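Chains as they are written, first to last, in UniProt numbering: chain H, 1 to 330; chain U, 1 to 330. Glycine included, C-beta positions come from ideal geometry on N, C-alpha and C. This structure is a prediction, so every number in the text was calculated from the model and none was measured.
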């Protein structure tokens, strides 16, 4: 597998140099590997930090900016950031009113964020952590006790970020993040595995007529190996699983997400099927995202993330956001 | 090759249904296959229309909206839209002050847009056409007499769109579009070919150590088949070709574009190399885009598009834009 890189060892450093050059709104600390807002301290604002293994771009660095994160800590590809790095991100996000850690539920991430939170408390920064676990595919998995944190993390970052921008305090922002996570479910299907640069070959093998149903964002196994079907049926499978876990009713926020190697024209086609399914079950797609928002390198496939909206969540979703990957209203 | 589709015949119709559902700011005419702004007539504004084969998303439908296009006509995958379809787009874009056709230089596109322009003139809509031909790779190609129109088309749509939004008249907008095209050069390198749904297999074959240097957006051959190199060298090759054709000096607008199947983390790494090359040659990257802006289905690879900026072009680039794929300032 050919990769557009200099060497597997330099992938993160090279990408961070590119992010720094592409986005003057970001401050990129190449030594500590922290992406934060260039604006400096915003007195009184709760800080939001996320992070995790790289390879899921634009997650998380692409969501640093007005109305979303204050800082992100990108680890090596598919590898948790280290505690000192998360501590540096926490300090960069600290405006004196405490910091929320948004942590996808993976054992390494949870452990390292917890250690970073303790280090931050030693420096008198109050930290509250919210662990996302929205993947409806499996109860436990290769890298997790409990469900995996996946696409719902984007919703948590946007909605908690909007609340923090409005001046909500740390406990309020954390409670909102928890509520968003609980209202959100995701399911992913892979057609062709992504390739980790250091491995040099796809992370798993799928035959020409096979798909992985319920795949994780690092190619972890899902519920079952299935047969390739028209997108109508694949989307229906995903939404059936989500609906059985948490009924889809009323106004929905829907993300039809690409895993990195699937073209936008196919994602739009998949989204059309998702809308038809949801409307056929009495729901409404009130807001949506279609595109690459949480990826798995060059993996081919999609995920669907669905959240029930109420007036508060709708207002926070529509609030202005200005980050490299999500931008509206300013 | 597995595709996330219902059938090769329904790809465009399904994608348009998805676009319509995802973007309330768009009016999608499923019968005529025209994507236009939902806002209706804007008296006195010059209308901008583009179009071409599908498979290059977000081009062109993703660039319909405030500050860019008024309407787009998507053909079948890698196939020109038909004259009646382009005529329908032209009517949808007509606000009474004439319409600019922005046409990528491909024989079919040029021919069908010309016929559509004649049909529009019969209905008393004045049309001026600008043909983009920014690809520095080859002088003539599989589907063109003369150079191919590629990534520079995005710059033309943004900058001419900003001028039209400001109230410039048709001749002024057309002259600006011509000037932008002339100031812009692109070069693309493919690592792995994309797959047209109806074909079911990659459009061309590259060995594990090969790349196509100067590839077109439909997988057309470039200058030569080369050996896989570190991204530093691939980016250097591309910029050397561009620089020899039109010297890169002063403030530059740079797009580091993915061909659809290359992950964002790699595009950022490639962009870092482009910035280093340009700064090493005395230029400055004043503005940039990094991501999937003009794609070739799921093809792996990148293109670089470079334009020299002056005060007017910089101002028009920074002007507000609100489309599905490009959005800032409002």
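Taking residue 273 (chain U) as the centre and dropping the five residues before and after it, the same chain places the C-beta of 231, 232, 235 closer than 6 angstroms to its C-beta, in chain order. When 7 angstroms is used as the limit between beta carbons, residue 328 (chain H) is near these residues of chain U: 327, in chain order.
The stretch 236-281 of chain H contains, as complete alpha helix (DSSP H) runs of 4+ residues, the segments 264-280 (chain order).
At the C-beta level, residue 152 (chain U) and residue 105 (chain U) stay beyond 8 angstroms of one another. Between the alpha carbons of residue 200 (chain H) and residue 165 (chain U) lies a distance of about 48 angstroms.
Taking 7 angstroms as the upper bound on Cβ-Cβ separation, chain U lies near residues 14, 15, 17, 18, 19, 21, 22 of the stretch 14-33 of chain H. Straight through space, the alpha carbons of residue 317 (chain H) and residue 6 (chain U) are spaced by roughly 32 angstroms. Close to residue 11 (chain U), with beta-carbon spacing below 7 angstroms, are these residues of chain H in chain order: 265, 269. Residues of chain U whose Cβ lies closer than 9 angstroms to the Cβ of residue 255 (chain H) do not exist, since the nearest Cβ in that chain is about 11 angstroms away. Its Cα nearest to that of residue 33 (chain U), the residue U:61 stands out among U:305, U:8, U:61. Your pair residue 295 (chain H) and residue 269 (chain H) does not check out as a contact, with CB atoms roughly 18 angstroms apart and the cut at 8 angstroms.
Beta-bridge partners of residue 113 (chain H) (DSSP): none assigned. Boundaries for residue 19 (chain U): no beta strand (DSSP E) harbours it, while the alpha helix (DSSP H) harbouring it runs 11-22, taken from the DSSP string. Within chain H, the C-beta atoms nearer than 7 angstroms to that of residue 3 (chain U) come from 266, in chain order. A contact between stretches requires three or more CB pairs, one per stretch, nearer than 8 angstroms, and the stretch 126-143 of chain U meets this requirement with the stretch 96-110 of chain U.
The three-state reading of DSSP puts residue 70 (chain H) in coil, since its state is none of H, G, I, E or B.
Residue pairing by DSSP puts residue 188 (chain H) in a beta bridge opposite H:303.
Taken atom to atom, the span from the alpha-carbon of residue 125 (chain U) to that of residue 322 (chain U) is near 26 angstroms. Residues of chain H with a Cβ closer than 8 angstroms to the Cβ of residue 192 (chain U) are, in chain order, 2.
In this structure, the beta-carbon distance from residue 320 (chain U) to residue 161 (chain U) does not fall below 8 angstroms. Take the alpha-carbon of residue 267 (chain H) and the one of residue 187 (chain H): they are about 15 angstroms apart. Out of U:12, U:50, U:65, U:282, the CA that lies nearest to the CA of residue 24 (chain U) is found in U:65.
Bounds of the beta strand (DSSP E) holding residue 102 (chain H) are 99-104. Annotation note: the stretch 29-55 of chain U contains the following uninterrupted beta strand (DSSP E) runs of length 3 or greater, listed N- to C-terminal: 34-37, 47-54. With fewer than 16 other CB atoms across the displayed protein chains lying within 10 angstroms of its CB, residue 284 (chain U) is exposed. Taking the Cα of residue 63 (chain U) as reference, the smallest distance to any Cα among U:159, U:112, U:149 is reached at U:159. Rounded to the nearest angstrom, the Cβ distance from residue 260 (chain U) to residue 167 (chain U) is 36 angstroms, too far for a contact under 8 angstroms. According to the DSSP assignment, residue 152 (chain H) belongs to the alpha helix (DSSP H) that extends over 152-165.
Annotation: residue 179 (chain U) is outside any beta strand (DSSP E); the continuous alpha helix (DSSP H) that includes it extends over 170-182.
Remark: C-beta atoms of residue 180 (chain H) and residue 307 (chain H) approach each other more closely than 8 angstroms. For residue 232 (chain U), the neighbours in chain H by C-beta distance under 7 angstroms run, in chain order, 6.
Between residue 242 (chain U) and residue 136 (chain U), the CB-CB gap stays under 8 angstroms. With respect to chain U, the C-beta atom of residue 54 (chain H) has a partner C-beta closer than 8 angstroms. Between residue 112 (chain H) and residue 150 (chain H), the CB-CB gap reaches or exceeds 8 angstroms.
Closer than 9 angstroms at the C-beta level to chain H, one finds no residue of the stretch 309-320 of chain U. For residue 136 (chain U), no beta strand (DSSP E) segment is defined, and its DSSP state is neither H nor E.
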